[in-house]
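K.L.:
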Amino acid sequence: MGKTILITGGAGFIGSHVVRLFVNKYPSYNIINLDKLTYAGNLANLKDIENKPNYKFIKADICDFPTILNIFKDNNIEGVLHLAAESHVDRSIKDPFTFASTNVLGTLSLLQAAKECWKDDFSGKMFYHISTDEVYGALQFDNTLFTENTKYDPHSPYSASKASSDHFVRAFHDTYSLPIIITNCSNNYGPYQFPEKLIPLFINNIRNKKPLPVYGKGENVRDWLYVEDHARAIDIVFHKGKVGETYNIGGFNEWSNIDLIKVIIKTVDKLLGNKEGESDNLITYVTDRAGHDLRYAIDATKLEKELGWRPSLQFEEGIEKTVKWYLDNQQWMDNVTSGEYEKYYENMYSNR
Ligand code: NAD
Ligand code: DAU
Numbered sequence: 023m024g025k026t027i028l029i030t031g032g033a034g035f036i037g038s039h040v041v042r043l044f045v046n047k048y049p050s051y052n053i054i055n056l057d058k059l060t061y062a063g064n065l066a067n068l069k070d071i072e073n074k075p076n077y078k079f080i081k082a083d084i085c086d087f088p089t090i091l092n093i094f095k096d097n098n099i100e101g102v103l104h105l106a107a108e109s110h111v112d113r114s115i116k117d118p119f120t121f122a123s124t125n126v127l128g129t130l131s132l133l134q135a136a137k138e139c140w141k142d143d144f145s146g147k148m149f150y151h152i153s154t155d156e157v158y159g160a161l162q163f164d165n166t167l168f169t170e171n172t173k174y175d176p177h178s179p180y181s182a183s184k185a186s187s188d189h190f191v192r193a194f195h196d197t198y199s200l201p202i203i204i205t206n207c208s209n210n211y212g213p214y215q216f217p218e219k220l221i222p223l224f225i226n227n228i229r230n231k232k233p234l235p236v237y238g239k240g241e242n243v244r245d246w247l248y249v250e251d252h253a254r255a256i257d258i259v260f261h262k263g264k265v266g267e268t269y270n271i272g273g274f275n276e277w278s279n280i281d282l283i284k285v286i287i288k289t290v291d292k293l294l295g296n297k298e299g300e301s302d303n304l305i306t307y308v309t310d311r312a313g314h315d316l317r318y319a320i321d322a323t324k325l326e327k328e329l330g331w332r333p334s335l336q337f338e339e340g341i342e343k344t345v346k347w348y349l350d351n352q353q354w355m356d357n358v359t360s361g362e363y364e365k366y367y368e369n370m371y372s373n374r
């Protein structure tokens, strides 16, 4: 029997790409996808691999410690890739409690279960926590980048909850010697992202000729990475990373929101056969996000130097591929925006 790896949040955006990569690349591993199936979890993201013999889905809440502990005991888990989280900044502003609960207490519950089950023999075990660059706060418009040594300075309830979870993960390493690794990644884009996030939301709105709500002046800067490049980095770090270390993951690819939005409009118009500039008038400046971080930018040199990872996809190629995927998969988008995706799995997994 091969290793059993628990991937949390595998029905979400990044998690589904990580599950797919691990299931396909490591047939000898048993991959367990544990997910609560919140609004962000969609098992349709994994249709192509759901019947593979090395894949199993468990519907559970990471905050439910007794259940999590039993899952660890029953399945002889040796590795954890922890992605389950509440991930949307705007939702965290409206409902910080859910973020504290899932991101902080949920992470703690997984750490505690891992510690209890592994404490007699930590060899071959790994608790890998997937985190965000937002824990570092905001940069000015200069040449500075977030490194692994940048002081934590979270501003939103989302980033505060992720920062707190990172601290708990390190505390379990320092206090109990739990073998851990943390990565902090920049903005991901690609297929299967929930259309509350900028890129899929705007692609869908352009297609439906709906307004594109640009927060503030659209000057905020983000570093964008194609999601499969992130999944590939996670694979490399999980197998080759050094216990106790943090690695930053990023695209070396900064865009102001407004410039990025113009690229999205141009690409969607081109692929839909619209006249160039046809959708420009959909841009609508709206009230800024509260506490909106000005700029994020990651220095991923450590990961490149120590483990040989670099993003493989050029942004122009990645964005065209992404727009094409959403336009070609309109049914996926319609099922998500109508809420149909939740009904589909209702009978299979009750108590959604
Ligand atoms: P997502 O919102 O698309 O998916 C989150 C998944 O977690 C969903 O399937 C959801 O059902 C599940 N989940 C939520 N609460 C749960 C709970 N209590 N118990 C079990 N499962 C639960 O998120 P994403 O964008 O794929 O992000 C995945 C991880 O990567 C998160 O930890 C996020 O902080 C981190 N991250 C995301 C980005 C990004 O750009 N999206 C960048 C860096 C880091
Ligand atoms: O940096 C990593 C983070 O990237 C992850 O940790 C988060 O989980 C992920 O959601 C993402 O956070 P952002 O807040 O940067 O992503 P979002 O897509 O929500 O917004 C991207 C930028 O676009 C941000 O500056 C806000 C702006 N925006 C967003 C939306 C949804 C708009 O101007 N209009 C919008 O409608």
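Yeah, the sequence shown ends on 374 if you go by the working numbering, and it's all consecutive. Here a beta-carbon is modelled for each residue, glycine too, at the ideal position from N, C-alpha and C.
Put Tyr158 into one of helix, strand or coil per three-state DSSP.
P.N.:
Along the sequence shown, read from residue 1 onward, the residue named residue 158 stands at position 136. In this structure, Tyr158 counts as helix in the three-state DSSP scheme.
K.L.:
Between which two residues does the alpha helix (DSSP H) carrying Val111 extend?
P.N.:
The sequence position of residue 111 within the sequence shown is 89, counting from 1. Residues Val111 to Lys116.
K.L.:
CB-CB under 6 Å to Val111, same chain, minus the five flanking residues each way: which ones, in chain order?
P.N.:
For this step, residue 111 is matched to residue 89 along the sequence shown. So the qualifying residues of the chain are Ser178 and Tyr180.
K.L.:
Quick one, which of Lys219, Thr129, Pro222 and Ser278 has its alpha-carbon nearest Ile204's?
P.N.:
Residue numbering aside, residue 204 sits at position 182 when the sequence shown is read from its first letter. For the residues Lys219, Thr129, Pro222 and Ser278, the minimum Cα distance to Ile204 belongs to Thr129.
K.L.:
Would you say the beta carbon of Gly340 comes nearer than 7 Å to a heavy atom of ligand 1?
P.N.:
Here residue 340 corresponds to residue number 318 of the sequence shown, with the count starting at 1. No, since every heavy atom of ligand 1 falls outside the 7 Å radius drawn around the Cβ of Gly340.
K.L.:
Rank Asn230, Cys139 and Leu325 by C-alpha distance to the C-alpha of Thr268 and give the top, closest one.
P.N.:
Stepping through the sequence shown from its first residue, residue 268 is reached at position 246. Checking every option, the nearest Cα to that of Thr268 belongs to Leu325.
K.L.:
Cα separation between Arg374 and Thr120?
P.N.:
For the purposes of this step, residue 374 is taken as the residue at position 352 of the sequence shown. For the purposes of this step, residue 120 is taken as the residue at position 98 of the sequence shown. Any answer about Arg374 is weak, because its pLDDT of 38 lies below 50 and its placement is not dependable; what the coordinates show is given next. Near 16 Å, if we compare the C-alpha coordinates of Thr120 and Arg374.
K.L.:
Can you give the Cα-Cα distance for Pro333 and Asp251, rounded to whole angstroms?
P.N.:
On the sequence shown, position 311 is the one that residue 333 refers to. On the sequence shown, position 229 is the one that residue 251 refers to. Cα to Cα, the separation comes out at about 6 Å.
K.L.:
Between the stretch 182-195 and the stretch 242-251, can you find at least three pairs of beta-carbon atoms closer than 8 Å?
P.N.:
Because the criterion of three Cβ pairs below 8 Å is not met, the stretch 242-251 and the stretch 182-195 do not touch.
K.L.:
Please return the same chain residues whose Cβ sits closer than 8 Å to the Cβ of Ile202, not counting the five positions on each side in sequence.
P.N.:
By 1-based counting over the sequence shown, the position of residue 202 is 180. Excluding positions up to five away in sequence, the list reads Met148, Phe149, Tyr150, His151, Val191, Arg192, Phe194, His195, Val265 and Gly266.
K.L.:
Counting only the same chain and skipping the five closest in sequence on each side, list residues whose C-beta sits under 7 Å from that of Gly31.
P.N.:
Against the sequence shown, residue 31 aligns to sequence position 9. Only Gly37, Asp57, Leu105, Ala106 and Ala107 meet the Cβ criterion.
K.L.:
Exposed or buried, Ser301, counting other C-beta atoms within 10 Å across all chains shown (16 or more means buried)?
P.N.:
By 1-based counting over the sequence shown, the position of residue 301 is 279. Answer is buried; the Cβ neighbour count reaches 16.
K.L.:
Can you list, in chain order, the residues of its chain with a C-beta nearer than 7 Å to that of His314? Leave out the 5 residues immediately preceding and following it.
P.N.:
The sequence position of residue 314 within the sequence shown is 292, counting from 1. Taken in chain order, the residues that qualify are Tyr237, Gly238 and Asn242.
K.L.:
Helix, strand or coil: which one does DSSP assign to Arg374?
P.N.:
Taking the sequence shown and counting its residues from 1, one reaches residue 374 at position 352. Residue placement at Arg374 cannot be trusted, given a pLDDT of 38 that sits under 50; the coordinates are not used to answer.
K.L.:
Taking the straight line between their C-alpha atoms, what separation do you get for Asp245 and Trp277?
P.N.:
Position 223 of the sequence shown, counting from 1, holds the residue named residue 245. Position 255 of the sequence shown, counting from 1, holds the residue named residue 277. Going by the C-alpha atoms only, they are around 6 Å apart.
K.L.:
With hydrogens ignored, establish whether the beta-carbon of Gly304 is closer than 7 Å to any heavy atom of ligand 2.
P.N.:
For the purposes of this step, residue 304 is taken as the residue at position 282 of the sequence shown. For clarity, residue 304 is Leu in the given sequence; the question names Gly instead. No, Cβ of Leu304 sits at least 7 Å from all heavy atoms of ligand 2.
K.L.:
Can you grab the Cα-Cα spacing for the pair Leu329 / Ala135, in whole Å?
P.N.:
Here residue 329 refers to the residue found at position 307 when the sequence shown is read from its first residue. Here residue 135 refers to the residue found at position 113 when the sequence shown is read from its first residue. Whole-angstrom Cα-Cα distance: 29 Å.
K.L.:
Does the beta-carbon of Pro233 have 16 or more other beta-carbons within 10 angstroms, so that it is buried, or is it exposed?
P.N.:
Taking the sequence shown and counting its residues from 1, the one referred to as residue 233 is at position 211. Exposed.
K.L.:
Got a sec: does ligand 1 put a non-hydrogen atom nearer than 7 Å to the Cβ of Phe194?
P.N.:
By one-based count along the sequence shown, residue 194 stands at place 172. Checking the Cβ of Phe194 against ligand 1 gives no.
K.L.:
Is the distance from the Cβ of Tyr363 to the Cβ of Asn357 below 8 Å?
P.N.:
For the purposes of this step, residue 363 is identified with residue 341 of the sequence shown, where counting begins at 1. For the purposes of this step, residue 357 is identified with residue 335 of the sequence shown, where counting begins at 1. Yes, the Cβ-Cβ distance between Tyr363 and Asn357 is below 8 Å.
K.L.:
Whole angstroms is fine: what's the gap from Gly361's alpha carbon to Asn67's?
P.N.:
Here residue 361 corresponds to residue number 339 of the sequence shown, with the count starting at 1. Here residue 67 corresponds to residue number 45 of the sequence shown, with the count starting at 1. Approximately 15 Å, taken between the alpha carbons.
K.L.:
What are the residues that DSSP puts in a beta bridge with His252?
P.N.:
Here residue 252 refers to the residue found at position 230 of the sequence shown. According to DSSP, which records beta bridges pairwise, His252 is partnered with nothing at all.
K.L.:
What's the C-alpha gap between Ile296 and Phe337?
P.N.:
As a position in the sequence shown, residue 296 is number 274, starting the count at 1. As a position in the sequence shown, residue 337 is number 315, starting the count at 1. Reading off the sequence, residue 296 comes out as Asn, not Ile. Straight-line Cα distance between these residues: approximately 22 Å.
K.L.:
When you compare the CB positions of Ile90 and Ser131, do they come within less than 8 Å of one another, or not?
P.N.:
Against the sequence shown, residue 90 aligns to sequence position 68. Against the sequence shown, residue 131 aligns to sequence position 109. For Ile90 and Ser131, yes; Cβs fall inside 8 Å.
K.L.:
Starting from the Cα of Gly273, find the closest Cα among Val157, Asn52 and Tyr318 and give me that residue.
P.N.:
If you number the sequence shown from 1, residue 273 lands on position 251. That would be Tyr318, whose Cα lies nearest to the Cα of Gly273.
K.L.:
Candidates Ser186, Lys74 and Val41: which alpha carbon is nearest Leu103's?
P.N.:
Residue 103 sits at position 81 when you count from the first residue of the sequence shown. Answer by Cα proximity: Val41.
K.L.:
Just to confirm, are Gly240 and Ile286 a CB contact at a threshold of 8 Å?
P.N.:
Along the sequence shown, read from residue 1 onward, the residue named residue 240 stands at position 218. Along the sequence shown, read from residue 1 onward, the residue named residue 286 stands at position 264. Not closer than 8 Å, so no.
K.L.:
Going by beta-carbon coordinates alone, are Asn76 and Tyr51 separated by less than 8 Å?
P.N.:
Indexing the sequence shown from 1 puts residue 76 at position 54. Indexing the sequence shown from 1 puts residue 51 at position 29. For Asn76 and Tyr51, yes; Cβs fall inside 8 Å.
K.L.:
Excluding the five sequence neighbours on either side, which residues of its own chain have a C-beta within less than 6 Å of the C-beta of Asp155, listed in chain order?
P.N.:
Residue 155 sits at position 133 when you count from the first residue of the sequence shown. Result list for Asp155: Phe168, Asn206, Ser208, Tyr318 and Ile320, in chain order.
K.L.:
Mapping the DSSP letters down to three states, classify Gly101 as helix, strand or coil.
P.N.:
By 1-based counting over the sequence shown, the position of residue 101 is 79. It is a strand residue.
K.L.:
Leaving out five residues on either side along the sequence, give the residues of the same chain with a beta carbon under 8 Å from the beta carbon of Glu298.
P.N.:
Your numbering for residue 298 matches position 276 in the sequence shown. The answer, listed in chain order, is Lys288, Asp291 and Lys292.
K.L.:
Is Asp175 close to ligand 2? I mean its beta-carbon at under 7 Å from any heavy atom of the ligand.
P.N.:
The residue given as residue 175 occupies position 153 in the sequence shown. Incorrect: Asp175 has no Cβ contact closer than 7 Å to ligand 2.
K.L.:
Can you tell me which of Gly34, Phe35, Ala33 and Ile27 puts its alpha carbon nearest to the alpha carbon of Phe44?
P.N.:
Counted from its first residue, the sequence shown places residue 44 at position 22. For Phe44, the nearest C-alpha among the options comes from Ile27.
K.L.:
Would you mind listing the alpha helix (DSSP H) stretches within the stretch 178-241 that are 4+ residues and don't spill past its ends, in chain order?
P.N.:
Listed in chain order, they are 179-198 and 220-229.
K.L.:
Are the beta-carbon atoms of Asn161 and Leu304 separated by less than 8 Å?
P.N.:
The residue given as residue 161 occupies position 139 in the sequence shown. The residue given as residue 304 occupies position 282 in the sequence shown. Before going on, a small fix: residue 161 reads as Leu here, not Asn. No, these two residues do not count as a Cβ contact at 8 Å.
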